[in-house]
Each structure stands twice: as structure tokens, then as C-alpha cells.
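Trainee: Each residue of the sequence shown is one higher than the last, beginning at 61 in the working numbering.
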Amino acid sequence: MTVYRKKEGSDVWHWCTNCPEYPTGENVIERHSRPDYGTLCSLCEVKDRAGDCKKDSLFSVRK
61 MTVYRKKEGS DVWHWCTNCP EYPTGENVIE RHSRPDYGTL CSLCEVKDRA GDCKKDSLFS
121 VRK
């Protein structure tokens, strides 16, 4: 399952951890399903289509 993240106050959702705009730190909203509001990051879409998207899944092991 893909994890979608966005900064609080932003309308852009990210799901590729290697996206330069991928939100980290505090004030991040996380969803475990495709968001039904806001917009999806165009950079994440390009990376995903190219097979270059590194995803943080709900079931991944965090170090």
C-alpha cells in the first residue's frame, strides 16, 4: 500500500520518497490510500511512470 504525504497547508500530495519536494519533518499529513482531494505531485507522477519512484509503503521496515 502506497503512503501519500503532504505538508499541512499544502494541496499537493507526494508518494515518491526520492521526489525533491517529498515532505518530511513536522506538520506532515499522511494517508494510506489515494487522496480524494488536493492534487497529486507532477514530479512523483513522472517518476512513477518512468519506474523511478521509491515508495514508502505502509508495510516497509523503517530503520
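Glycine included, every Cβ here is placed at the ideal spot set by N, Cα and C.
Name the DSSP beta bridge partners of lysine 66, please?
Mentor: In DSSP, lysine 66 forms a bridge with Ile89.
Trainee: To which residues of the same chain is valine 63 closer than 8 angstroms at the C-beta, ignoring the five residues directly before and after it?
Mentor: Trp75, Glu90, Arg91, His92, Lys115, Asp116, Ser117 and Leu118.
Trainee: What would DSSP say about tryptophan 75, mapped onto helix, strand or coil?
Mentor: Here tryptophan 75 sits in coil by DSSP.
Trainee: List the endpoints of the continuous alpha helix (DSSP H) containing aspartate 108.
Mentor: Where aspartate 108 is concerned, the enclosing alpha helix (DSSP H) stretches over 102–110.
Trainee: Does arginine 122 pass the burial test, meaning 16 or more other C-beta atoms within 10 Å, or should it be called exposed?
Mentor: Because arginine 122 carries a pLDDT of 46, less than 50, the predicted location of this residue cannot be relied on, and the following value inherits that uncertainty. Exposed, since its Cβ has fewer than 16 Cβ neighbours within 10 Å.
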